[in-house]
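Just so you know, our numbering puts 644 at position 302 of the sequence shown, and the rest follows in order with no gaps.
In this text, a Cβ means the ideal position worked out from N, Cα and C, and glycines have one as well.
Here is the structure we will look at, set down as structure tokens.
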Amino acid sequence: MLLTLGMHGRGGHQMPKMRPAPRLIDPDTLAPFVDPLPVPARAKPLGTRPGASHGALPYYRMAAREISHKIHRDVPATRFWSFGDSFPGMTIEARKGEGILVEWANELPTRHLLPVDHNLMGAEADKPEVRTVVHVHGAKTRPEADGYPEDWYVPGRSVTYEYPNEQDAALLWYHDHTMGINRLNVMAGMMGLYVVRDREEEALRLPSGEFEIPLVLCDRLLRTDGQLYYPVSQRPEAPWIPEFAGNVHLVNGTLLPYVEVSPRQYRFRILNGSNAFFYFLSTSSGLTMRQIGTDQGLLAAPVPVRILNLAPAERADIILDFTGRSGEQLLLQTGPTSLMQFRVRQEKLVADASLPATLRSIPKLLEKDAVRTRELTLEEFDNVLAEPVTHLLAGKRWHEPISETPVLDTTEIWSLINTTDDVHPIHLHLVRFQILDRRPFDVTEYLISKRIRYTGGAVAPDANEAGWKDTVRASPGAVTRIIIKFEGYPGRYVWHCHILEHEDNEMMRPYEVLPGEHRLS
Ligand code: C2O
Ligand code: CU
Ligand code: CU
Numbered sequence: 343m344l345l346t347l348g349m350h351g352r353g354g355h356q357m358p359k360m361r362p363a364p365r366l367i368d369p370d371t372l373a374p375f376v377d378p379l380p381v382p383a384r385a386k387p388l389g390t391r392p393g394a395s396h397g398a399l400p401y402y403r404m405a406a407r408e409i410s411h412k413i414h415r416d417v418p419a420t421r422f423w424s425f426g427d428s429f430p431g432m433t434i435e436a437r438k439g440e441g442i443l444v445e446w447a448n449e450l451p452t453r454h455l456l457p458v459d460h461n462l463m464g465a466e467a468d469k470p471e472v473r474t475v476v477h478v479h480g481a482k483t484r485p486e487a488d489g490y491p492e493d494w495y496v497p498g499r500s501v502t503y504e505y506p507n508e509q510d511a512a513l514l515w516y517h518d519h520t521m522g523i524n525r526l527n528v529m530a531g532m533m534g535l536y537v538v539r540d541r542e543e544e545a546l547r548l549p550s551g552e553f554e555i556p557l558v559l560c561d562r563l564l565r566t567d568g569q570l571y572y573p574v575s576q577r578p579e580a581p582w583i584p585e586f587a588g589n590v591h592l593v594n595g596t597l598l599p600y601v602e603v604s605p606r607q608y609r610f611r612i613l614n615g616s617n618a619f620f621y622f623l624s625t626s627s628g629l630t631m632r633q634i635g636t637d638q639g640l641l642a643a644p645v646p647v648r649i650l651n652l653a654p655a656e657r658a659d660i661i662l663d664f665t666g667r668s669g670e671q672l673l674l675q676t677g678p679t680s681l682m683q684f685r686v687r688q689e690k691l692v693a694d695a696s697l698p699a700t701l702r703s704i705p706k707l708l709e710k711d712a713v714r715t716r717e718l719t720l721e722e723f724d725n726v727l728a729e730p731v732t733h734l735l736a737g738k739r740w741h742e743p744i745s746e747t748p749v750l751d752t753t754e755i756w757s758l759i760n761t762t763d764d765v766h767p768i769h770l771h772l773v774r775f776q777i778l779d780r781r782p783f784d785v786t787e788y789l790i791s792k793r794i795r796y797t798g799g800a801v802a803p804d805a806n807e808a809g810w811k812d813t814v815r816a817s818p819g820a821v822t823r824i825i826i827k828f829e830g831y832p833g834r835y836v837w838h839c840h841i842l843e844h845e846d847n848e849m850m851r852p853y854e855v856l857p858g859e860h861r862l863s
């Protein structure tokens with residue numbers, strides 16, 4: 343029997359038309375450390391407006407627009423879609439217990455900057471090409487203000503969300519969450535920081551003001567004309583790719599910036615805002631990083647880290663001490679690649695408060711308090727048409743009925759059974775959680791028998807993960823267990839892989855928090 347070539351894919355087309363390869367920037371040819379590190383501008387409220395429950399609340403308007411932004415002195419300006427005049431967008435500063443209103447406006451053009459794949463769920467050809475909906479990652483909000491992926495709206499429209507900020511100080515971030523094009527909207531620039539502050543944290547007198555610097559890290563592919571490039575598959579009718587990888591790293595939207603610092607302690611608040619890149623951060627010249635916080639705020643105590651692993655969407659709060667390093671030039675790197683330079687000024691040390699030995703107490707969630715354990719697979723779905731691989735959560739697609747329905751104020755354990763070869767950063771909306779452990783198992787045996795046979799002992803989370811998290815690295819070939827108390831509000835939220843290419847292609851599921859029992863007294 344004769345096998346017909348070109349049977350892969352829909353429509354039995356012949357050889358795929360190859361798109362001409364774009365000319366990409368070679369970062370090694372650019373002068374490093376010629377641009378100062380910018381810090382995203384702070385959003386200012388436009389006044390107050392009545393909130394749903396709290397009377398008058400500060401009102402912000404954040405409009406996504408097409409902007410032009412210089413990422414490097416010698417690279418032509420890049421078109422971005424941003425909530426501000428540069429990329430990343432403006433930073434929102436909030437205080438615990440003080441709610442705010444944000445009107446998220448879509449003032450984008452009607453054609454997308456990047457190639458939309460209409461085969462993906464939610465991005466079908468009958469949907470408008472440019473749509474947006476914004477989620478504040480890590481925020482405890484009502485479901486109607488959470489940026490549900492299907493609640494998108496088109497250019498010219500906006501929605502106003504209320505953020506109660508009834509949560510501990512932490513570095514949150516906002517980003518687009520639109521069904522089927524989220525990876526493209528975020529890549530185009532639709533993200534920024536959302537800082538929650540509180541008295542407890544302020545009482546620690548950590549470095550603040552000019553000594554507290556946010557670092558938004560992300561990779562991008564840039565063409566020689568300075569424009570963003572998002573690669574496509576070999577099949578023009580199905581351009582989705584399984585994972586994006588850039589040719590440059592940006593720090594606060596700048597390629598290889600430098601920052602001048604004084605010989606003292608600084609607090610750096612780091613976000614991995616990449617679609618799919620995992621950072622392994624280190625500093626040159628033996629400068630120790632002391633991590634004081636993770637996704638959902640401060641750790642119990644500072645943790646020295648030599649190499650800081652940050653998956654997409656994870657955050658780290660880091661103290662770097664430049665004391666005694668006057669005149670030195672140090673680097674922040676990921677693996678062997680430089681990200682930015684610190685230039686320590688020739689200054690005498692002005693007495694600098696030392697770092698507290700303990701930061702806060704973090705009550706441990708106890709396994710015995712969990713009302714149930716859910717076994718949830720992370721798996722590759724082998725497509726008969728040999729299409730690029732789709733990843734699924736618990737074997738289900740987005741549109742299948744909701745299967746995870748925790749009850750408000752109860753505690754559950756979610757066992758993330760990763761049968762794939764990839765680390766998937768798994769994020770749950772609404773809640774914060776703790777990591778219990780990771781334990782290797784026999785994947786082949788599991789795929790055949792659906793029974794877990796462990797091949798090693800349970801490994802406790804790293805010291806710098808032993809705080810409140812909202813995103814966890816689920817290791818390949820391991821069961822990663824997290825323990826979650828479903829506090830907040832009843833209603834529909836989502837959980838997903840934060841590799842945005844996976845998320846856009848079915849590695850996201852709705853879940854629903856059911857109202858707790860209402861006891862009449
Ligand atoms: Cu960072 Cu569902 O998001
Ligand atoms: Cu989130
Ligand atoms: Cu994934």
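- Burial is judged here by how many other beta carbons sit within 10 angstroms of a residue's own beta carbon; Leu856 has fewer than 16 and is exposed.
- DSSP places Asn507 outside both helix and strand once states are collapsed to three, so it counts as coil.
- Uninterrupted beta strand (DSSP E) stretches at least 3 residues long and entirely within the segment 769-841 occur at 775-782, 813-816, 820-827, 833-839, given in chain order.
- Residue pairing from DSSP places Gln675 in a beta bridge opposite Ser624, Ser680.
- Distances from the alpha-carbon of Glu492 to those of Tyr503, Val476, Lys482, Tyr505 put Val476 closest.
- Shown here for Glu602: same chain residues with a beta carbon closer than 7 Å to its own, the five before and five after excluded, namely Arg685, Arg687 in chain order.
- Of His411, Arg815, Leu563, the smallest CA-CA separation from Asn806 is found for Arg815.
- Ala545: member of the alpha helix (DSSP H) spanning 541-545, first to last residue.
- Listed in chain order, the non-local C-beta contacts of Pro392 below 8 Å within the same chain comprise Ala398, Leu399, local neighbours out to five positions each way being set aside.
- If you draw a straight line from the Cα of Ala512 to the Cα of Asp459, it comes to about 35 Å.
- Proximity to Pro369 across Gly441, Val472, Thr679 peaks at Thr679, based on C-alpha coordinates.
- Of the other Cβ atoms in all chains shown, 16 or more fall within 10 Å of the Cβ of Ala436; this residue is therefore buried.
- Rounded to whole angstroms, Gly615 and Ile367 show a C-alpha spacing of 21 Å.
- Distances from the CB of Val558 to the heavy atoms of ligand 1 are all 7 Å or more.
- Two segments are said to touch when three or more pairs of C-beta atoms, one from each, lie closer than 8 Å; by this definition the segment 418-435 touches the segment 532-547.
- Ligand 2 never approaches His766 closely enough for any of its heavy atoms to be under 7 Å from the residue's Cβ.
- Excluding five sequence positions before and after Met682, the CB atoms of its chain that fall closer than 6 Å to its own CB belong to Val593, Pro599, Leu674, given in chain order.
- With respect to Trp423, Gly531 sits close: the two C-beta atoms are nearer than 8 Å.
- No Cβ-Cβ contact shorter than 8 Å links Asn448 with Val528.
- Closer than 7 Å to some heavy atom of ligand 1: that describes the Cβ of Val836.
- DSSP places Arg403 in the uninterrupted beta strand (DSSP E) bounded by 398-411.
- In the displayed model, Met533 falls within a strand according to three-state DSSP.
- The closest heavy atom of ligand 2 lies 7 Å or more from the beta carbon of His844.
- For Pro584, the closest of Arg525, Gly568, Asp427 by C-alpha to C-alpha distance is Arg525.
- DSSP, reduced to helix, strand and coil, places Glu552 within a helical segment of the structure shown.
- Relative to the Cα of Lys690, the nearest Cα in the group Val417, Gly666, Ser703 belongs to Gly666.
- Separation of the CB atoms of Ala642 and Arg702 is rounded to 6 Å, and the pair is thereby assigned contact status at 8 Å.
- With a 10 Å radius around the Cβ and a threshold of 16 neighbouring Cβ atoms, Leu708 comes out exposed.
- Here the alpha carbon of Gln638 sits roughly 28 Å from the alpha carbon of Thr390.
- If you ignore the 5 residues before and after Pro485, its C-beta comes within less than 7 Å of the C-beta of Tyr831, Gly833, Arg834, Tyr835, all in its own chain and listed in chain order.
- From the listed residues Leu652, Arg774, Asp694, Pro374, the smallest Cα separation to Gly677 is found for Leu652.
- Where Asp368 is concerned, there is no enclosing beta strand (DSSP E), because DSSP gives it neither an H nor an E.
- Measuring C-alpha to C-alpha distances from Arg823 to each of Arg851, Pro767, Pro852 identifies Pro767 as the nearest.
- Cα atoms of Asp488 and Asn847: separation of roughly 20 Å, rounded to the nearest angstrom.
- When secondary structure is reduced to three states using DSSP, Asp711 falls in the helix class.
- The alpha carbon of Phe723 has as its nearest neighbour, out of Thr715, Arg714, Leu735, Val713, the alpha carbon of Leu735.
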